[in-house]
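Working notes, beginning with the structure itself.
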Amino acid sequence: MDEQTPSPDDATGLAGALADKDPSVGLNAVWALRNLLERVERLQVDNARSQGWSWQQIARALRVTRQSVHEKHAARRKAMGMEA
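Numbering (this note's numbering), first residue to last: 1090 to 1173.
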């Protein structure tokens, strides 16, 4: 990350960068936002699974197919010892 790329952990900097007129700053902010969104999704999928939610329930909440959410998260969770 260079000095123009906001950290996904810096919400204030990220919000400002998203509104910046400089495309390199704005596009770097889009990258950071995608990174943050992926981290939040992993956290919430893990939270839902630990509370007994089915893949179908998670898919419905994310407005995607059960297959897509399972393909995206099941292998990662299994590798981390979170799924049997």
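Using N, Cα and C, we set each Cβ at its ideal position, and we do this for glycine too. It should be emphasised that the depicted structure is a prediction, and the values quoted were computed from it without experimental measurement.
(request) Would you identify the three-state DSSP class for residue 1133, choosing helix, strand or coil? (result) Mapped onto the sequence shown, residue 1133 falls at position 44. DSSP places residue 1133 in helix when its eight states are reduced to three.
(message) For residue 1156 and residue 1170, I'd like the C-alpha separation in whole angstroms.
(response) One-based indexing of the sequence shown puts residue 1156 at position 67. One-based indexing of the sequence shown puts residue 1170 at position 81. Each residue's Cα considered, the two are about 20 angstroms apart.
(request) Decide yes or no for the touch test of the stretch 1126-1139 against the stretch 1160-1167: beta carbon pairs closer than 8 angstroms, at least 3 of them. (result) yes
(message) How far does the alpha helix (DSSP H) with residue 1153 in it extend, from its first residue to its last?
(response) By 1-based counting over the sequence shown, the position of residue 1153 is 64. That residue, residue 1153, is in no alpha helix (DSSP H); it is neither H nor E in DSSP.
(request) Taking only the alpha-carbon atoms, compute the straight-line gap between residue 1115 and residue 1108 and give it to the nearest angstrom. (result) The residue labelled residue 1115 in the question sits at position 26 within the sequence shown. The residue labelled residue 1108 in the question sits at position 19 within the sequence shown. Rounded to the nearest angstrom, the two C-alpha atoms are 7 angstroms apart.
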